[in-house]
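**Student:**
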Amino acid sequence: MVRTMKVRILTVGNKMPSWVQTGFDEYFKRIQPMLSTEIVEIAAAKRAKNPSDANLAQYREQEGQAILAAHNAASREQLWVLDVKGKMISTEGLADKLADGMQQGDDIALAIGGADGVSPAVLAKADAKLSLSALTLPHPLVRVVLMEQLYRAMSINNNHPYHRGN
Numbered sequence: 000m001v002r003t004m005k006v007r008i009l010t011v012g013n014k015m016p017s018w019v020q021t022g023f024d025e026y027f028k029r030i031q032p033m034l035s036t037e038i039v040e041i042a043a044a045k046r047a048k049n050p051s052d053a054n055l056a057q058y059r060e061q062e063g064q065a066i067l068a069a070h071n072a073a074s075r076e077q078l079w080v081l082d083v084k085g086k087m088i089s090t091e092g093l094a095d096k097l098a099d100g101m102q103q104g105d106d107i108a109l110a111i112g113g114a115d116g117v118s119p120a121v122l123a124k125a126d127a128k129l130s131l132s133a134l135t136l137p138h139p140l141v142r143v144v145l146m147e148q149l150y151r152a153m154s155i156n157n158n159h160p161y162h163r164g165n
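So for the sequence shown, numbering that gives the first Met the number 0 puts the first residue at 0; every next one is plus one.
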């Protein structure tokens with residue numbers, strides 16, 4: 000019996016703008032036949048109006064603890080963290096990485112940090128640190144881009160005509 004891979008998106012923040020939710024939902028719906036996907040929303044730390052650098056570090060730490068608590072480290076769930084300083088990955092590279100995870104029988108938790116980034120503790124636990132772009136993207140937009148790229152990668156792996164890359 001072949002075990003189906005599960006991908007969980009652990010993301011800081013909720014109550015996204017309607018355009019974010021609409022875009023995310025479209026690709027979330029499309030990917031389900033190819034890849035079991037779930038979103039886990041983690042509450043953002045309550046922020047001061049004019050936070051200091053120490054406050055920002057505290058927010059990252061608080062949100063990081065919640066990400067690590069949501070990650071199922073006891074199972075075969077790899078933790079892939081999206082980080083601006085992570086390894087740039089192409090769509091084809093993501094498709095290969097997903098295929099490798101499926102081959103190994105692993106599940107994947109993809110972590111999207113809060114507005115102030117990801118804590119050092121989360122980065123230290125990461126099995127992979129990935130970057131979607133050299134551009135700095137607003138973190139609500141990352142949800143949509145990530146979901147579309149997961150769908151595109153799975154389209155490649157399933158010989159679906161959606162991806163028209165090289």
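Every residue gets a Cβ at the ideal spot worked out from N, C-alpha and C, and that includes glycine.
On a predicted model such as this, the values are computed, not experimentally measured, just so you know.
(1) Given that a residue counts as buried once 16 or more other Cβ atoms are within 10 Å of its Cβ, and exposed if not, what is Tyr58?
(2) What do you get for Arg163, buried or exposed, if any count of 16 or more other CB atoms within 10 angstroms of its CB means buried?
(3) Are at least three pairs of beta-carbons, each pair with one atom in the segment 101-109 and one in the segment 68-77, less than 8 Å apart?
(4) What would DSSP say about Ala65, mapped onto helix, strand or coil?
(5) Between Arg151 and the rest of its own chain, which residues show a CB-CB distance below 7 Å, the 5 nearest in sequence each way excluded?
(6) I need the straight-line Cα distance from Met33 to Leu9, nearest angstrom please.
(7) Where does Leu78 sit, in a helix, a strand or coil, going by DSSP?
(8) Starting from Ala127 and walking both ways along the beta strand (DSSP E), at which residues does that stretch end?
(9) CA-CA distance, Met101 and Val121?
(10) Give the straight-line distance between the Cα atoms of Arg29 and Leu97, rounded to the nearest whole angstrom.
(11) Could you say if the segment 139-150 and the segment 16-24 meet the contact criterion of at least three C-beta pairs nearer than 8 Å?
(12) Between the C-alpha atoms of Ala133 and Thr3, what's the straight-line distance to the nearest angstrom?
(13) Cutting at 7 Å between CB atoms, please list the residues of its own chain near Asn156, excluding the five before and the five after it.
(14) So, under 8 Å CB-CB, Ile66 and Leu129 are touching, yes? Tell me the CB distance rounded to an integer number of Å.
**Tutor:** By the coordinates alone:
(1) As a first step, residue 58 is located in the sequence shown; it is residue number 59 there, counting from the start. Buried: at least 16 other Cβ atoms inside 10 Å.
(2) Locating residue 163 in the sequence shown gives position 164, where the first residue counts as 1. Exposed, since its Cβ has fewer than 16 Cβ neighbours within 10 Å.
(3) yes
(4) For the purposes of this step, residue 65 is identified with residue 66 of the sequence shown, where counting begins at 1. Looking at Ala65 - three-state DSSP - the assignment turns out to be helix.
(5) In the sequence shown, residue 151 corresponds to position 152, counting from 1. Once the five neighbours on either side are set aside, the close Cβ partners of Arg151 are Thr90, Tyr161, His162.
(6) On the sequence shown, position 34 is the one that residue 33 refers to. On the sequence shown, position 10 is the one that residue 9 refers to. Taking the straight line joining both Cα atoms gives about 20 Å.
(7) Numbered from its first residue, the sequence shown carries residue 78 at position 79. Looking at Leu78 - three-state DSSP - the assignment turns out to be strand.
(8) Taking the first residue of the sequence shown as 1, we reach residue 127 at position 128. Looking at the DSSP string, the run of the beta strand (DSSP E) that includes Ala127 is 127-130.
(9) Residue numbering aside, residue 101 sits at position 102 when the sequence shown is read from its first letter. Residue numbering aside, residue 121 sits at position 122 when the sequence shown is read from its first letter. Answer to the nearest angstrom: the Cα atoms are 23 Å apart.
(10) By one-based count along the sequence shown, residue 29 stands at place 30. By one-based count along the sequence shown, residue 97 stands at place 98. Distance between the alpha carbons of Arg29 and Leu97 is about 17 Å.
(11) yes
(12) By 1-based counting over the sequence shown, the position of residue 133 is 134. By 1-based counting over the sequence shown, the position of residue 3 is 4. Looking at the two C-alpha atoms, the distance is approximately 32 Å.
(13) Taking the first residue of the sequence shown as 1, we reach residue 156 at position 157. Contacts found: Ala94, Leu97, Ala98.
(14) Mapped onto the sequence shown, residue 66 falls at position 67. Mapped onto the sequence shown, residue 129 falls at position 130. With a Cβ gap of about 15 Å, Ile66 and Leu129 do not count as contacting.
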